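Undergrad: Quick one: structure below, then a few questions.
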Amino acid sequence: MSASQRANRIALAALLLGAVGIGFAPILVRLSPLGPSATAFYRLLLSLPILGLWLAWECYAKKRLPFRAGDIKGLSVAGLCFAADLAVWHWALLLTSVANATLFPNFAPIYVTLAGWILFKQGVRPLFILGMGLALGGAILLMGENLQLGGSHLAGDLLAQLTAVFYAGYIVAVGRLRSRLSTAAIMTVSGAITTPVLLLVAVASGEALWPEPGKGWEALIALALVSHVGGQSLIAYALAHLPAPFGSVVLLLQPLVAALLAWVLLGESLTLLAMLGGLVILAGILLARLGSPPRGS
């Protein structure tokens, strides 16, 4: 096995683990004692000390700052897209069902693929399109019995769909940055940009910024460590070796993970239709993998 093949396999494993990590997010957000924007703020704030130590160790090891002034623009795009993604998605969780808010942001692969094709002239193979469509269809099957479209959920559904656009922007930005920057640099600097934006959103929304004594810190800490430091960092690492469109398709594992966690931890039912949807997602990811060109082609 060549070094490139080994790196790709490690990256794929990291991407799969990252999808599992962010799959915890819907449940942890619902367990948070704070409002949606304040929860998103703490997700970033509590992750920054660990990410900062990681970046400091990298600076010490390499005897230099691992990014340049010219990289700030790209890092700002990633940070602002992620801030918008989290703020809008956390609001969507309050205005629509968990199933809707979990499904619609996972349409991000469509926007990531379109961005690669239109902005960066990246070719798209028919087998990849088939795999992406199959994985999206599996996600719809997975959530199908719980989806509640229209009516009082319409505003939340639109916000959840807008989340997909912002998350696609984040994935594309990180994928471009990873060609020259480390995971630690991207996660720490973009996170430092995201955090104050989310604080301003929380303040403007009139949300409480401090949980009641002894309540809810576990969910906030878990959200920061599992979904952000763990999940998002693994995803960022993988995007140095795998094309962003394929990476976004693999992240369709998130609703499957969320459904399994809800079944195990919350006692929610897992129907045959949902299990079929999960299998279809896995099949779609496999086809998308077979139809993905090497990164950068």
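When you number the sequence shown by this note's numbering, it's gap-free, plus one each residue, and the end is 1690.
We treat Cβ as the ideally placed atom computed from N, Cα and C, and that holds for glycine.
These numbers come from a predicted model, not from an experiment.
May I ask you to report which of helix, strand or coil DSSP gives L1479?
TA: Helix.
Undergrad: I'd like to know whether the C-beta atoms of V1619 and G1414 end up nearer to each other than 8 angstroms.
TA: Result yes, Cβ atoms of V1619 and G1414 sit closer than 8 angstroms.
Undergrad: Any idea what DSSP makes of F1417, helix, strand or coil?
TA: DSSP places F1417 in coil when its eight states are reduced to three.
Undergrad: Assuming P1426 and G1609 are in contact, meaning their beta carbons sit under 8 angstroms apart, how far apart are those beta carbons, in whole angstroms?
TA: Yes, P1426 and G1609 are in contact; Cβ-Cβ is about 3 angstroms, under 8 angstroms.
Undergrad: Would you kindly work out how many angstroms separate the C-alpha atoms of L1649 and T1489, rounded to a whole number?
TA: Their backbone Cα atoms lie some 19 angstroms apart in a straight line.
Undergrad: Would you call the CB atoms of A1629 and T1576 closer than 8 angstroms?
TA: In this structure, T1576 lies closer than 8 angstroms to A1629 by Cβ.
Undergrad: Nearest-angstrom Cα distance between L1675 and P1606?
TA: Roughly 42 angstroms separates the two Cα atoms.
Undergrad: Within a Cβ cutoff of 7 angstroms, which residues of the same chain sit near L1602, ignoring the five residues on either side of it in sequence?
TA: Here the set comprises A1431 and A1595.
Undergrad: Can you tell me where the alpha helix (DSSP H) holding Q1647 begins and where it ends?
TA: L1646 to L1658 is the extent of the alpha helix (DSSP H) around Q1647.
Undergrad: Whose C-alpha, out of S1397, A1406, K1456 and S1440, is nearest the C-alpha of F1586?
TA: According to the sequence as given, residue 1586 is Ile; it is not Phe. If we check each option's Cα against that of I1586, S1440 comes out closest.
Undergrad: Verify whether the separation of the beta carbon atoms of T1556 and F1497 is less than 8 angstroms.
TA: Taking 8 angstroms as the Cβ cut-off, T1556 and F1497 qualify as a contacting pair.
Undergrad: So for K1466, helix, strand or coil by DSSP?
TA: Three-state result, K1466: helix.
Undergrad: Under DSSP, the alpha helix (DSSP H) around S1583 begins and ends at which residues?
TA: That run of the alpha helix (DSSP H) goes T1576 to A1597.
Undergrad: DSSP on H1621, reduced to helix/strand/coil?
TA: In this structure, H1621 counts as helix in the three-state DSSP scheme.
Undergrad: Assign T1432 to one of three DSSP states: helix, strand, or coil.
TA: T1432 falls in the helix class under three-state DSSP.
Undergrad: Which of the three DSSP states, helix, strand or coil, is assigned to P1606?
TA: DSSP places P1606 in coil when its eight states are reduced to three.
Undergrad: Regarding L1512 and the ligand GTP, is the C-beta to nearest heavy atom distance less than 7 angstroms?
TA: The ligand GTP is not among the ligands present in this structure, which contains no ligands whatsoever.
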